[in-house]
Amino acid sequence: MRVSVIGGGVAGAASAIALRRATGAEVTIHEAYEEPAGQVGSYLSLAVNGLRGLEALGCLPQVQAAGFPVALQRMWSSSGKLLGEVPRGRLASDDLHSTTLLRGRLVEVLRAEAASAGARIETGRRVDPADLDADLVVAADGIWSATRSTLDPAAPQVRYAGLYCVSGVSEGVHLTPGTYHFVFGRRGAFLCVPAPDGTVWWSAQVPAPEPPDPAEITGARLAELYAKEELPLSLIRAATRVDRSMPMHRLADVPVWHDGRTVLIGDAAHPVGAGQGASMAIEDAVALARCVASVPGVDRALAEYTRLRRPRVDRMTRSAATNRDAKTPGTVRRRVNDLLMPIAFRHVYARSTSWLYR
Numbered sequence: 000m001r002v003s004v005i006g007g008g009v010a011g012a013a014s015a016i017a018l019r020r021a022t023g024a025e026v027t028i029h030e031a032y033e034e035p036a037g038q039v040g041s042y043l044s045l046a047v048n049g050l051r052g053l054e055a056l057g058c059l060p061q062v063q064a065a066g067f068p069v070a071l072q073r074m075w076s077s078s079g080k081l082l083g084e085v086p087r088g089r090l091a092s093d094d095l096h097s098t099t100l101l102r103g104r105l106v107e108v109l110r111a112e113a114a115s116a117g118a119r120i121e122t123g124r125r126v127d128p129a130d131l132d133a134d135l136v137v138a139a140d141g142i143w144s145a146t147r148s149t150l151d152p153a154a155p156q157v158r159y160a161g162l163y164c165v166s167g168v169s170e171g172v173h174l175t176p177g178t179y180h181f182v183f184g185r186r187g188a189f190l191c192v193p194a195p196d197g198t199v200w201w202s203a204q205v206p207a208p209e210p211p212d213p214a215e216i217t218g219a220r221l222a223e224l225y226a227k228e229e230l231p232l233s234l235i236r237a238a239t240r241v242d243r244s245m246p247m248h249r250l251a252d253v254p255v256w257h258d259g260r261t262v263l264i265g266d267a268a269h270p271v272g273a274g275q276g277a278s279m280a281i282e283d284a285v286a287l288a289r290c291v292a293s294v295p296g297v298d299r300a301l302a303e304y305t306r307l308r309r310p311r312v313d314r315m316t317r318s319a320a321t322n323r324d325a326k327t328p329g330t331v332r333r334r335v336n337d338l339l340m341p342i343a344f345r346h347v348y349a350r351s352t353s354w355l356y357r
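Put into structure tokens, the structure is as follows:
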């Protein structure tokens, strides 16, 4: 079997590894950019479900070595009140701990593993699925997938999600190692995690009716937005790097995931955000390879893949939308959250997330 993978990011590289090792197929990754990894993107976290997927691919230790474990997550109100502490990306009983790393490092590791597994990687050229000489085409070309509209001209369009994101790195601010912090700020959410080298990686997620001009979103502007939140303000003032602001996007439910020999995976089919985006893409890769290996005929295998994955992905998409809405509360809702969240974290969190991490 000949397989062409469009896109050399997390979903594409993971699917190449999975298909090579599960089926022995001849796999080629087609990546549009010359250097798709490097420092592309900010940091991300892999939850335990993504880590188990990497374990199935045979490259969990390599990815863990490229990042660092984060065992806990603390949620803070805008006034600095601790709302709750929960396991980060896992159940309390899980031995595996969430791994945080730069997206570019994850891509580098997965691409190296794909090459080691025997996949070919071609970069610097865009391809048309119709021109590919392959029995199976895996479209892992991200939220802006061109393949999606080729499969279904009526596919939904990418929309601005009403938030923009700014990431940065700070020095000189001590935070407890192995703990991820989430602040429900008055004018936006703020996420941060201390790295082993003593720096702190952070991300501000700010609601805005339209994407702002990146030139206007400076450290000084962020300091204004988070002037009343102690932890975010201290990190913004201590920043040694502030990245360009990036609008966040959403995509309505994609009705067509496959047709004939072509299938959408990862963000091309179901963008769910940085919290689970990479983990869901890795799950996709493992599930796709298992279906192709066990179900006769590509079209039938892709139909089975869609049948197996869609219910879980749909549930994750709904959860991601709820999380996105929680980052943009008004004054009244924020006060209600401050009262109810401590109760929810103590009594509801484990039960409400068990489906995801098991």
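Take 0 as the starting number for the sequence shown in our numbering and just add one per residue.
By construction, the Cβ of each residue, glycine as well, lies at the ideal position given by its N, Cα and C atoms.
Model, not experiment: these values are computed from the prediction.
Test item: CB-CB of residue i and residue j under 8 Å
| i | j | result |
| --- | --- | --- |
| Val-2 | Val-137 | yes |
| Thr-239 | Glu-170 | yes |
| Ser-115 | Ala-284 | no |
| Ala-65 | Arg-87 | no |
| Glu-359 | Ser-77 | Coverage of the chain is limited to positions 0 through 357, which leaves residue 359 absent and any answer about it impossible. |
| Cys-164 | Leu-234 | no |
| Leu-105 | Val-47 | no |
| Ala-288 | Leu-53 | no |
| Phe-189 | Pro-152 | no |
| Arg-125 | Ala-31 | yes |
| Leu-100 | Tyr-42 | yes |
| Thr-255 | Leu-150 | According to the sequence as given, residue 255 is Val; it is not Thr. The answer is yes: Cβ separation under 8 Å. |
DSSP-derived helix/strand/coil call for residue i
| i | result |
| --- | --- |
| Thr-98 | strand |
| Leu-338 | helix |
| Ala-113 | helix |
| Pro-231 | helix |
| Thr-280 | According to the sequence displayed, residue 280 carries Ala and not Thr. Helix. |
| Ile-16 | helix |
| Tyr-225 | coil |
| Gly-83 | strand |
| Thr-122 | strand |
| Ser-166 | strand |
| Pro-206 | strand |
| Asp-196 | coil |
| Ala-238 | strand |
| His-307 | Correcting the residue identity first, residue 307 is Leu in this sequence and not His. Looking at Leu-307 - three-state DSSP - the assignment turns out to be helix. |
| Gln-61 | helix |
| Ser-318 | helix |
| Pro-213 | helix |
| Glu-107 | helix |
Rounded distance between the beta-carbons of residue j and residue i, thought under 8 Å
| i | j | result |
| --- | --- | --- |
| Leu-50 | Thr-98 | 6 Å |
| Met-315 | Met-279 | 6 Å |
| Gly-184 | Tyr-225 | 6 Å |
| Asp-134 | Arg-20 | Actually they are not in contact, since the Cβ atoms of Asp-134 and Arg-20 sit about 18 Å apart, beyond 8 Å. |
| Ala-139 | Gly-11 | 4 Å |
| Arg-89 | Leu-95 | 6 Å |
| Val-199 | Pro-208 | Between Pro-208 and Val-199 the Cβ distance is about 30 Å, and since that is not below 8 Å, they are no contact. |
| Ala-91 | Ala-349 | 7 Å |
Cutoff 8 Å: residue i Cβ touching any chain B Cβ
| i | result |
| --- | --- |
| Ser-97 | Protein chains in the displayed structure number just one, and chain B is not present. |
Rounded C-alpha distance that separates residue i from residue j
| i | j | result |
| --- | --- | --- |
| Asp-212 | Asp-298 | 45 Å |
| Cys-58 | Glu-112 | 7 Å |
| Gly-177 | Val-294 | 42 Å |
| Arg-158 | Leu-250 | 6 Å |
| Gln-275 | Ser-44 | 8 Å |
| Trp-143 | Ile-264 | 12 Å |
| Ala-302 | Gly-218 | 48 Å |
| Val-361 | His-173 | Missing from the structure shown is residue 361; the chain here goes from 0 to 357 and no further. |
| Glu-107 | Ile-120 | 12 Å |
| Ile-216 | Val-205 | 11 Å |
| Ala-343 | Val-26 | 46 Å |
| Trp-354 | Asp-93 | 13 Å |
| Leu-338 | Arg-236 | 30 Å |
| Lys-80 | Val-291 | 50 Å |
| Ile-16 | Asn-336 | 43 Å |
| Gly-117 | Val-4 | 14 Å |
| Gln-156 | Leu-131 | 25 Å |
| Val-39 | Gly-8 | Model confidence at Val-39 stands at a pLDDT of 48, short of 50, so the residue's coordinates are unreliable; what they give is reported in the following sentence. If you take the alpha carbons of Val-39 and Gly-8, they lie about 10 Å apart. |
| Met-74 | Phe-67 | 20 Å |
| Ser-202 | Arg-345 | 26 Å |
| Ala-24 | Ala-160 | 38 Å |
| Gly-187 | Phe-181 | 11 Å |
Cβ neighbour criterion (16 or more within 10 Å) applied to residue i
| i | result |
| --- | --- |
| Thr-444 | Lying outside 0 to 357, the shown extent of the chain, residue 444 is not represented and no answer is given. |
| Glu-33 | exposed |
| Arg-243 | exposed |
| Met-0 | exposed |
| Asp-127 | exposed |
| Thr-364 | What is shown of the chain runs 0 to 357, which leaves residue 364 out entirely. |
| Gly-296 | exposed |
| Asp-266 | buried |
| Gly-141 | buried |
| Val-85 | buried |
| Ala-214 | exposed |
| Gly-347 | The sequence given here places Val at residue 347; Gly does not occur at that position. Exposed, by the Cβ-count rule. |
| Gly-197 | exposed |
| Arg-317 | exposed |
Residue i: CB within 7 Å of a non-hydrogen atom of the ligand COA
| i | result |
| --- | --- |
| Ser-41 | Here there are no bound small molecules, and the ligand COA is not part of this structure. |
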